[in-house]
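S.K.: Sharing a structure, written as structure tokens. Questions coming.
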């Protein structure tokens with residue numbers, strides 16, 4: 001579902017209800033600018049991103065691209081950025 005910012009402002013309660021089921025894209029001046037999604041889906045996406053970066057760090061550690069300290073620092077920075 002995609003709606004304009006003005007419609008989203010007028011029907012915010014309905015947008016929230018819709019976003020519980022499926023993400024809602026909000027446009028401003030004809031451009032997609034933000035997505036409203038359920039907290040559950042947001043947390044799923046966060047967990048996927050965390051898992052990806054952990055796997056990247058583990059691969060870097062295994063291949064010798066990064067040492068343990070640099071890997072730990074990298075992961076801390078990525079997770080703290082959220």
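In UniProt numbering, the protein residues as written are 1 to 82. No residue lacks a Cβ here, since even glycine has one placed at the ideal position from N, Cα and C. Because the structure is a prediction, the values reported are computed rather than measured.
1. Tell me whether residue 71 is buried or exposed, calling it buried when 16 or more other Cβ atoms sit within 10 Å of its Cβ.
2. Quick check: the Cα distance between residue 56 and residue 10, rounded to an integer number of angstroms?
3. With DSSP collapsed to three states, give me the class of residue 29.
4. Taking 8 Å as the threshold (C-beta atoms), are residue 8 and residue 37 in contact?
5. DSSP state of residue 4, grouped into three classes?
M.R.: Result, derived from the coordinates:
1. Answer is buried; the Cβ neighbour count reaches 16.
2. Distance between the alpha carbons of residue 56 and residue 10 is about 43 Å.
3. Assigned with DSSP and collapsed to three states, residue 29 falls in coil, not helix or strand.
4. Taking the C-beta atoms as reference points, residue 8 is found no nearer than 8 Å to residue 37.
5. Per DSSP, reduced to three states, the secondary structure at residue 4 is strand.
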